[in-house]
Amino acid sequence: VLPIIVLPAMLYTAAINVYCCLVIFFTMLAFLTYMYFYLRRTSPRSKFFLMWALWSILFLWILFESTVPMLELLPEENVAFLLLLSISLFFLYKAKHFSQSSQAAASHVDAVDEDSAVLLIHDEMEDQDTNVCQLCRKRVPLRTFHCIPCQVCIVRQDHHNVWLDCCIGASNYRYYLLGCIFGLITLLFGSNLSLTSICHPFLIANVVGVHILMPDDCSDVFDQYDIAVCFVGSVYALAMAGCIILVLMQQIFFISRGITGTEWRRGEFIPQRRHCCGNWRNFLCSSK
Numbered sequence: 001v002l003p004i005i006v007l008p009a010m011l012y013t014a015a016i017n018v019y020c021c022l023v024i025f026f027t028m029l030a031f032l033t034y035m036y037f038y039l040r041r042t043s044p045r046s047k048f049f050l051m052w053a054l055w056s057i058l059f060l061w062i063l064f065e066s067t068v069p070m071l072e073l074l075p076e077e078n079v080a081f082l083l084l085l086s087i088s089l090f091f092l093y094k095a096k097h098f099s100q101s102s103q104a105a106a107s108h109v110d111a112v113d114e115d116s117a118v119l120l121i122h123d124e125m126e127d128q129d130t131n132v133c134q135l136c137r138k139r140v141p142l143r144t145f146h147c148i149p150c151q152v153c154i155v156r157q158d159h160h161n162v163w164l165d166c167c168i169g170a171s172n173y174r175y176y177l178l179g180c181i182f183g184l185i186t187l188l189f190g191s192n193l194s195l196t197s198i199c200h201p202f203l204i205a206n207v208v209g210v211h212i213l214m215p216d217d218c219s220d221v222f223d224q225y226d227i228a229v230c231f232v233g234s235v236y237a238l239a240m241a242g243c244i245i246l247v248l249m250q251q252i253f254f255i256s257r258g259i260t261g262t263e264w265r266r267g268e269f270i271p272q273r274r275h276c277c278g279n280w281r282n283f284l285c286s287s288k
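Here it is as structure tokens:
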């Protein structure tokens, strides 16, 4: 419930003037950072960030569609935006839907009682195909890690994503990356359409008769409140796009090294059996 109230209140307050805009966005960053560490400590399975992400998407979509007549966008531009948004949501939904498939399968996991845990951990040194999870005391495949929020072992876990409220692992990693890529394109495309309509645009290219514009001067956007709201929404979309760019850069690094995010954070660096191109070929062509 909190994101439904806080997010619109912040964005509408930010539209008052440029100073409110700067203060609100820095406040939002501090608020989300505080909530992340607070909920990580007190309620790891909280739906707060999932609701914040869903409400951000819904709010920006409502804002965009409500200002389409004012922005004088072409119908085909609106259709392209809706198509990109639908593709993004589809891949993110698939990433969340298949998150449970990354859990260590029952055929690979044998419950271990406390008395034999030490023996199994010793056997792990000789077993090259499995590990023993010391938290749930189960035998799991290699490169499987225990997720504290989910309380399960995840095969090739990259990280626990608070925005989707699920783990990103072997079965949903590609869906997650595709969702991020199309989400980035959607945010950049939508914000560009809005900013070039409310700001003074300039032409940077003409590709097959399609004019590619960029915003130039946005100094007068706060003179009219509805225009300012549209501007603030576009800036918020660009901030989200910036976060996704950082995530994708990190994932490109991990894929190139042939490791997962969890292995990187734990310092478990696997000697590279393949060079960078081989790691990408394995990522693109492997069954999982």
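Numbering (the UniProt record's numbering), first residue to last: 1 to 288. By construction, the Cβ of each residue, glycine as well, lies at the ideal position given by its N, Cα and C atoms.
Among the residues of its own chain, which have a CB less than 8 Å from the CB of residue i, if the five just before and after it don't count?
i: I255; result: N279, W280 and F283
i: D226; result: T67 and M70
i: V247; result: C180
i: V6; result: F31
i: T144; result: A104, N131, C133, C153, I154, V155, R156 and Q157
i: V109; result: Its pLDDT being 45, under 50, V109 is placed unreliably by the model, and nothing is read from it.
I'd like the span of the alpha helix (DSSP H) that includes residue i, first residue to last.
i: P8; result: L2 to A14
i: E252; result: Note on identity: in this sequence residue 252 is Ile, with Glu being the wrong assignment. I252 -> alpha helix (DSSP H) spans Y225 to R257.
i: V18; result: V18 to T42
i: H97; result: P75 to H97
i: F49; result: F48 to L71
i: C153; result: Element bounds for C153: not the alpha helix (DSSP H) but the beta strand (DSSP E), V152 to V155.
i: F283; result: C276 to C285
i: E268; result: Counting along the chain, E268 falls outside any alpha helix (DSSP H), and DSSP gives it neither H nor E.
Residue i: buried (16+ other C-beta within 10 angstroms of its C-beta) or exposed?
i: residue 296; result: A query on residue 296 cannot be resolved here, the shown segment of the chain reaching from 1 to 288 and no further.
i: P75; result: exposed
i: Q134; result: exposed
i: Q251; result: buried
i: T42; result: exposed
i: T196; result: buried
i: E263; result: buried
i: D123; result: With a pLDDT of 46 at D123, under the threshold of 50, the modelled position of that residue is not reliable, and no figure is offered here.
i: D165; result: buried
i: A111; result: In this prediction, A111 has a pLDDT of 47, which is less than 50 and means its spatial position is unreliable; what the coordinates show is noted afterwards. The residue in question, A111, is exposed, as its Cβ has fewer than 16 Cβ neighbours within 10 Å.
i: A9; result: exposed
i: F64; result: buried
i: M240; result: buried
i: L84; result: buried
i: S107; result: Its pLDDT being 42, under 50, S107 is placed unreliably in this model, and the value from its coordinates should be taken loosely. Exposed, by the Cβ-count rule.
Bridge partners of residue i, per DSSP?
i: F202; result: M214
i: Q134; result: Bridge partners of Q134: none, in fact.
i: C166; result: N161
i: Q103; result: I154
i: R174; result: Per DSSP, none; premise fails for R174.
i: R45; result: For R45, which the question treats as bridged, DSSP gives no partner whatsoever.
Thinking just about the alpha-carbon of each residue, which of the options is nearest to the one in residue i?
i: S219; options: N17, H159, P3 and F145; result: N17
i: S286; options: E263, T262 and G258; result: G258
i: W163; options: V208, S56, H275 and R265; result: S56
i: L193; options: S88, Y34, L60 and I87; result: L60
i: R266; options: Y12, Y19, T27 and C147; result: C147
i: N78; options: I62, V140 and I24; result: I62
i: I24; options: C276, W52, V232 and V210; result: V232
i: L82; options: L29, F49, H275 and F182; result: F182
i: I154; options: T13, M10 and T260; result: T260
i: E268; options: I4, L85 and R156; result: R156
i: Q100; options: V208, A15 and Q151; result: Q151
i: L73; options: F253, I204, G242 and F189; result: F189
i: F98; options: A14, N172 and I245; result: N172
i: M214; options: I198, V208 and A237; result: I198
i: V243; options: T13, F145 and I185; result: Looking at the sequence provided, one finds Cys at residue 243 rather than Val. Checking every option, the nearest Cα to that of C243 belongs to I185.
i: I224; options: L2, V1, P3 and Y12; result: Checking the sequence shown, residue 224 turns out to be Gln, not Ile. Checking every option, the nearest Cα to that of Q224 belongs to Y12.
CB-CB under 6 Å to residue i, same chain, minus the five flanking residues each way: which ones, in chain order?
i: I168; result: D158, H159, N161 and Y176
i: H200; result: D216 and D217
i: S234; result: S191, S194 and L195
Would you kindly report the start and end of the unbroken beta strand (DSSP E) that includes residue i?
i: C147; result: T144 to C147
For residue i, collect the residues of the same chain with a Cβ closer than 7 Å to its Cβ; drop the 5 residues on either side in sequence, then sort them by chain order.
i: L39; result: S46 and F48
i: residue 306; result: The shown model of the chain, from 1 to 288, leaves out residue 306, and the question about it has no answer.
i: L178; result: F91
i: D127; result: For D127, the pLDDT reaches just 49, beneath the cut-off of 50, and the residue's location in the model is therefore unreliable, leaving the point undetermined.
i: residue 315; result: The question about residue 315 has no answer, for the chain in this structure spans 1 to 288.
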